[in-house]
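Peer 1: Take any residue in the sequence shown, note its place counting from 1, add 48, and you have its number in our numbering. Quick reminder that beta carbons are idealized off the backbone N, C-alpha and C, glycines included. Keep in mind that this is a model prediction, so the values were computed, not measured.
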Amino acid sequence: MAAAAPGVTREAVRVADCFLLAHDDFMRRTRQGRHVSQSILELDRVPDVARLRSALERLVQKHPLLAGRLRRDWRTWLPYWEVPPTPSRGLPLGLWRERGATGKLAGATEAEDTMELLQHIMTEPLAVDGIEFKARLDVVETRAGRCRVALSWSHLLIDGKGAELLLAEIGRLCDGVDVPCEAKEPVRPELTFQEKIKKTKAAVFRLEDLAKVGAPSLAGPRPRRGRGYYQVITLTPEDSAKLTARVEGMAGALFPMTFYVACAARAHDRVFRHRGREPKGYVVSVPVQTRKRGARGPLFHNQVSIFFFGAVREALGSIEAATASMKQQFAEMTRGKLEESFLTVLELMMRLPSWIFMRVVRWQFKGEMCSFFHSHTGAFAPEMIEFAGAQITNAYHLPCLATPPGTGLFFCERGGQVNITVTWREGCLSEEERQLMLGQTMEDLFGEPRPELLHGL
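1. Can you list, in chain order, the residues of its chain with a C-beta nearer than 6 Å to that of residue 74? Leave out the 5 residues immediately preceding and following it.
2. Identify which residue in 71, 451, 479, 435 has its Cα closest to the Cα of residue 274.
3. Among the candidates 489, 251, 341, 376, whose CA atom is the shortest distance from the CA of residue 391?
4. Using the rule of at least 16 other Cβ atoms within 10 Å of the residue's Cβ for burial, across every protein chain shown, is residue 239 buried or exposed?
5. Would you mind stating whether residue 413 and residue 267 have Cβ atoms separated by less than 7 Å?
6. Is residue 206 buried or exposed, if buried means 16 or more other CB atoms sit within 10 Å of its CB?
7. Which stretch, first to last residue, makes up the alpha helix (DSSP H) that contains residue 377?
8. Just to confirm the assignment, what range does the alpha helix (DSSP H) spanning residue 171 have?
9. At the level of alpha carbons, what is the spacing between residue 58 and residue 395?
10. Please report the straight-line C-alpha distance between residue 499 and residue 487, rounded to a whole angstrom.
11. Could you name the residues of the same chain whose beta carbon sits closer than 8 Å to that of residue 85, not counting the 5 residues immediately before and after it, in chain order?
12. Considering only the alpha carbon of each residue, which of 90, 96, 248, 329 lies closest to residue 224?
13. Apply the 10 Å Cβ neighbour rule to residue 50 and answer buried if 16 or more other Cβ atoms are within range, or exposed otherwise.
14. Just grab the DSSP bridge partners of residue 117 for me.
15. Assign residue 404 to one of three DSSP states: helix, strand, or coil.
16. Compute the Euclidean distance between the alpha carbons of residue 374 and residue 265, then round it to the nearest angstrom.
17. For residue 63 versus residue 130, is the C-beta distance shorter than 7 Å?
18. Is residue 156 near residue 165, with beta carbons less than 7 Å apart?
19. Going by beta-carbon coordinates alone, are residue 139 and residue 104 separated by less than 7 Å?
20. Residue range of the beta strand (DSSP E) that residue 196 falls in?
21. Just reading off the alpha helix (DSSP H) that residue 96 is part of, what are its end residues?
22. Using the Cα positions of residue 352 and residue 423, report the straight-line distance between them to the nearest angstrom.
23. If you drop the 5 nearest sequence neighbours on each side, which residues of the same chain put their C-beta closer than 7 Å to that of residue 473?
24. Are the segment 106 to 119 and the segment 295 to 302 touching by the rule of at least three beta carbon pairs closer than 8 Å?
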């Protein structure tokens with residue numbers, strides 16, 4: 049192995065990063081792009097671009113890991129980040145305006161449609177001037193005189209909460225606030241090999257039970273090329289308040305995730321039944337944050353573990369029954385410390401080449417990984433009010449998709465308004481099926497059909 053260049057340092061890859069490393073490699077090998085997601089801020093006006101450029105320059109000086117390269121140690125075969133000295137330029141910044149916009153965003157390139165533009169950006173490499181950045185920022189002026197800011201980020205290094213924290217860091221730098229971020233990683237105890245094997249049993253047994261149910265997806269097990277599509281629905285404050293009360297009444301204020309998992313499972317089941325299929329059930333992997341609640345950091349690495357929910361046919365007859373089933377499973381997984389067990393499984397697999405890692409994951413579910421992607425990320429960066437001199441009016445995530453499973457349903461909240469993001473890969477979901485999925489989602493969210501919310505979608 050060649051000696052590292054002067055000033056280059058190493059940083060360990062965290063345990064949860066290894067699954068994302070394998071998933072990114074799988075997407076690349078099957079020509080589905082890379083595992084790049086986006087986090088969107090909607091602003092009431094065009095931000096101060098000069099302040100933004102200065103902040104992005106300081107950002108990479110402060111966090112050179114944003115330009116890190118993945119390597120494997122030839123002796124241990126463990127992956128690590130090769131971190132360069134301070135990059136010679138700031139994080140990439142793209143400036144765009146929709147056709148018909150007033151042109152307040154100087155130097156912007158015209159684009160026909162914002163969502164198509166953002167989808168295109170997600171498929172492009174993040175490398176600029178030979179630097180392999182793990183994120184980029186794009187500002188789009190809309191025809192209505194407002195603005196969207198899109199942070200595109202590699203899931204190799206950043207997770208959804210980390211993206212929110214990174215946007216908050218950029219916002220602070222725009223305001224001239226340059227303070228150290230919380231960098232302490234969650235501490236995992238040192239265990240012997242025998243102790244690790246014992247600790248994996250909870251996750252192994254759980255996955256064996258779920259394999260009996262199966263993890264059918266709407267795309268099927270065969271990887272497919274094709275672009276990703278996204279649709280975001282923002283509920284009014286009034287509807288959001290009604291939904292929050294309904295969720296708390298059914299799932300409890302502390303465990304809203306269980307309601308949303310049930311909702312996503314029933315929405316996908318509605319499409320399966322439309323296709324004339326009634327599988328025994330579905331497997332849903334839901335990320336669980338390991339960061340301390342309310343902490344500023346750490347910004348980087350995938351600070352998550354996974355809970356595995358099984359949505360069996362007998363529990364899908366009503367949203368009430370499905371939610372009760374998810375609550376019971378959540379309690380059982382929490383008592384069994386399944387999230388810690390799963391991280392131990394990943395730790396033991398860290399040395400595997402990515403293609404073997406993914407083969408192991410997919411083998412258990414006959415080529416599938418899960419039935420669909422889902423997460424409920426709660427409040428989106430509630431500490432952020434402004435960004436580069438503009439008020440934030442909304443914020444949400446556009447998660448990356450691969451086939452399998454090819455579809456996903458995601459929920460978050462910003463300023464008392466719930467955002468619903470539907471994602472699907474080309475060829476996985478027809479227009480009629482998308483309407484069925486959304487119709488079932490709204491009916492379960494509110495306890496009654498809400499066709500007016502789907503008008504024009």
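Peer 2: Taking the geometry as given:
1. Hits under 6 Å: 406.
2. The candidate whose alpha carbon is nearest that of residue 274 is 451.
3. Considering only alpha carbons, the answer is 251.
4. Exposed, because fewer than 16 other Cβ atoms sit within 10 Å of the Cβ of residue 239.
5. When the beta-carbon positions are compared, residue 413 and residue 267 stay at least 7 Å from each other.
6. By the neighbour-count definition (other C-beta atoms within 10 Å, threshold 16), residue 206 is a buried residue.
7. Run containing residue 377: 367 to 383, per the alpha helix (DSSP H) assignment.
8. It spans 162 to 171 - the alpha helix (DSSP H) in which residue 171 sits, taken as one unbroken run.
9. Looking at the two C-alpha atoms, the distance is approximately 19 Å.
10. Cα-Cα distance, rounded: 7 Å.
11. Excluding sequence neighbours, residue 85 sits near 170, 200, 201, 203, 208, 211, 445, 446, 447, 448.
12. Closest by C-alpha distance to residue 224, out of 90, 96, 248, 329, is 96.
13. Reliability fails at residue 50, whose pLDDT of 44 lies under 50, so the model's placement of it is uncertain and no value is given.
14. Answer is 130.
15. Looking at residue 404 - three-state DSSP - the assignment turns out to be helix.
16. Each residue's alpha carbon lies about 19 Å from the other.
17. No; because the gap between Cβ atoms is not below 7 Å, this pair is not in contact.
18. The answer is no: Cβ separation not under 7 Å.
19. Between residue 139 and residue 104, the gap from beta carbon to beta carbon is short of 7 Å.
20. Unbroken beta strand (DSSP E) run through residue 196: 195 to 202.
21. Run containing residue 96: none; DSSP gives neither H nor E here.
22. Spanning the two alpha carbons is a distance of roughly 12 Å.
23. Once the five neighbours on either side are set aside, the close Cβ partners of residue 473 are 267, 272, 274, 276, 449, 451, 454.
24. Verdict: no, contact absent.
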